[in-house]
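Peer 1:
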Ligand code: NAD
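Numbering (the working numbering), first residue to last: 183 to 637.
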């Protein structure tokens, strides 16, 4: 265990003892990274610092004319964390909580996600600080076009490739493609962005890819017999926070696999039906009323209460930091599948681990989206379209391989910790997150060393 990781873990224990959890996303990702690198051998200090630092951070500020002729200034970010494995890849989100630090933390998470799924991209993330619910479609289009123009050649098919994320969708990606294409005429620009509509070179299977990835990863772990008291998804009771692109897809796919979806939610609240929700009715209600709350035949609870429902599998598919030191003790799921990015905090990790609740981490469980984005990028470069069966076959192969890597790395991690003679080292949580992160860092470190330090 190196000096920095010891200090980081002690700092966390002190903060927990004081009842205060540091929820700064950059601090959380750095602390997890430090803990993981203590188990990666052969890395020089300088290389550890390099792998933990964003390669490039762009901050832009731009005016947009609103529908009422007023002008508003928007703030946007694009962070490229790593280019070791290939061009940057990561979502663009439109949300009031977008900050430079949160984008940096999420970009780093994308680096580990790509490394683990073995797709040849580095991590990136970007966003605009805004509340899409208060913007018209025309205003959103102008925000998108101006933001992409500001980013200029810092995005591109071989430099940094955006994708959908919170409150951005296929339409947003179509505007991104169109803006970039207008600025770079006379060449095939389709691979500049993924998650596009099919007619613009989008891939079959992209919309439900992240939810499907959650399913494939959960099925793999369950089939390996590593989730106590859960032998299959058939009859499993599932609760999902969020009912957007990821949450709604996960709900339908887990239901098709035999699970009962007890509850789902959105930003307005959560709905429950103890005998299993009728998802078709919930989806129809959401289209008409812009929320699932009030779906006939369901009772309404809060998002906080939803997280604490007794169930077999809890799938957080909304925002980060939802399961934290303040509520983890009350979580009563057997398994948490992280569909969202960073929904469980480090303090919660320790509490869940002590309670025997297993967590399939975001860098593995929510890697389906970036994996099918990679397939879209490959199809765009070749001007091809793959069949849906082919997409599903390749997605399941990659996520099963990534799951097996994590399963195998945790076995070794446990053996390493058991044989450690370092009494001063604080206890390492040998959970799936730590194993996944170590495996991803080892892959990136290997490639960095093979490429060599320039010059
Ligand atoms: P989305 O915008 O389509 O849906 C977000 C959902 O979260 C909506 O149902 C919204 O109502 C709900 N929500 C918002 N605030 C909430 C709150 N306070 N409490 C409960 N629910 C709330 O976004 P998405 O694409 O489904 O992404 C969801 C999460 O998954 C994000 O964390 C995102 O970063 C992550 N993710 C998305 C993808 C992808 O391919 N879209 C890939 C990997 C990870």
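All C-beta atoms in this analysis are idealised placements derived from N, C-alpha and C, irrespective of residue type, glycine included.
Which residues share a DSSP beta bridge with residue 306?
Peer 2: Sequence index remark: in the chain shown, residue 306 carries index 124 (1-based). Residue 306 is bridged to 262.
Peer 1: From residue 338 to residue 321, what distance separates their C-alpha atoms?
Peer 2: Translated into positions along the chain shown, residue 338 becomes position 156. Translated into positions along the chain shown, residue 321 becomes position 139. Roughly 24 Å between the two C-alpha positions.
Peer 1: My output table needs one value for residue 606: the three-state DSSP class, helix, strand or coil.
Peer 2: Along the chain shown, read from residue 1 onward, the residue named residue 606 stands at position 424. Unreliable positioning characterises residue 606 in this predicted model, as indicated by a pLDDT of 49, which lies under 50. The coordinate reading is nonetheless provided below. Residue state, collapsed to three classes: coil.
Peer 1: Does at least one heavy atom of ligand 1 sit under 7 Å from the Cβ of residue 459?
Peer 2: Taking the first residue of the chain shown as 1, we reach residue 459 at position 277. Outside the cutoff, so no.
Peer 1: Classify residue 378: buried if its beta carbon has 16 or more other beta carbons within 10 angstroms, exposed otherwise.
Peer 2: As a position in the chain shown, residue 378 is number 196, starting the count at 1. It counts as buried.
Peer 1: Based on the DSSP output, what are the partners of residue 480 in its beta bridges?
Peer 2: Here residue 480 is taken as the residue at index 298 of the chain shown, counted from 1. According to DSSP, which records beta bridges pairwise, residue 480 is partnered with nothing at all.
Peer 1: Taking a contact to mean a Cβ-Cβ separation below 8 Å, would you say residue 501 touches residue 518 in this structure?
Peer 2: Looking up residue 501 in the chain shown gives position 319. Looking up residue 518 in the chain shown gives position 336. In this structure, residue 518 does not lie closer than 8 Å to residue 501 by Cβ.
Peer 1: Pick out whichever of 278, 302 and 309 has its Cα sitting closest to the Cα of residue 259.
Peer 2: Reading the chain shown from its first residue, position 77 is the one you call residue 259. Of the candidates 278, 302 and 309, the one whose C-alpha sits nearest the C-alpha of residue 259 is 309.
Peer 1: Out of 203, 513 and 462, state which residue places its alpha-carbon closest to the alpha-carbon of residue 487.
Peer 2: In the chain shown, the residue the question calls residue 487 occupies position 305. Considering only alpha carbons, the answer is 513.
Peer 1: I want to check one thing, is the minimum distance from the CB of residue 261 to the heavy atoms of ligand 1 below 7 Å?
Peer 2: As a working note, residue 261 is residue 79 in the chain shown. False, no ligand heavy atom lies under 7 Å from that Cβ.
Peer 1: Taking three-plus beta-carbon pairs below 8 Å as touching, is the stretch 489 to 496 in contact with the stretch 436 to 445?
Peer 2: The stretch 489 to 496 vs the stretch 436 to 445: in contact.
Peer 1: Taking the alpha helix (DSSP H) that residue 583 falls in, what are its first and last residues?
Peer 2: Reading the chain shown from its first residue, position 401 is the one you call residue 583. Unbroken alpha helix (DSSP H) run through residue 583: 570 to 600.
Peer 1: What do you reckon, is the C-beta of residue 487 under 7 Å from a heavy atom of ligand 1?
Peer 2: For the purposes of this step, residue 487 is identified with residue 305 of the chain shown, where counting begins at 1. Incorrect: residue 487 has no Cβ contact closer than 7 Å to ligand 1.
Peer 1: When DSSP labels each residue in this structure, what does residue 349 get in the three-state scheme?
Peer 2: The residue labelled residue 349 in the question sits at position 167 within the chain shown. In this structure, residue 349 counts as coil in the three-state DSSP scheme.
Peer 1: Indicate the three-state DSSP secondary structure (helix, strand or coil) for residue 497 in the structure shown.
Peer 2: Within the chain shown, residue 497 is the residue found at index 315, counting from 1. If DSSP states are grouped into helix, strand and coil, residue 497 belongs with the strands.
Peer 1: Between residue 325 and residue 246, which are expected to be in contact by the criterion C-beta below 8 Å, what is the C-beta distance as a whole number of angstroms?
Peer 2: Here residue 325 corresponds to residue number 143 of the chain shown, with the count starting at 1. Here residue 246 corresponds to residue number 64 of the chain shown, with the count starting at 1. So it is a contact: roughly 5 Å between Cβ atoms.
Peer 1: Considering only residues of the stretch 268 to 337, which uninterrupted alpha helix (DSSP H) runs meet the minimum length of 4 residues and lie entirely inside it, listed in chain order?
Peer 2: Qualifying alpha helix (DSSP H) stretches, in chain order: 282 to 299 and 319 to 333.
Peer 1: Which residues does DSSP pair with residue 641 in a beta bridge?
Peer 2: A query on residue 641 cannot be resolved here, the shown segment of the chain reaching from 183 to 637 and no further.
Peer 1: Can you find the residues in the same chain that come closer than 7 Å, C-beta to C-beta, to residue 436, ignoring five residues on each side of it along the sequence?
Peer 2: Taking the first residue of the chain shown as position 1, residue 436 is located at position 254. Within the same chain, residue 436 has close Cβ partners 397, 415, 420 and 443.
Peer 1: DSSP state of residue 471, grouped into three classes?
Peer 2: Numbered from its first residue, the chain shown carries residue 471 at position 289. The answer is helix: DSSP assigns residue 471 an H, G or I state.
Peer 1: Quick check on residue 539: buried or exposed, where buried means 16 or more other Cβ atoms within 10 Å of its Cβ?
Peer 2: Here residue 539 is taken as the residue at index 357 of the chain shown, counted from 1. Buried.
Peer 1: Less than 7 Å between the CB of residue 447 and some heavy atom of ligand 1, yes or no?
Peer 2: Within the chain shown, the letter at position 265 stands for residue 447. Yes, Cβ of residue 447 sits closer than 7 Å to a heavy atom of ligand 1.
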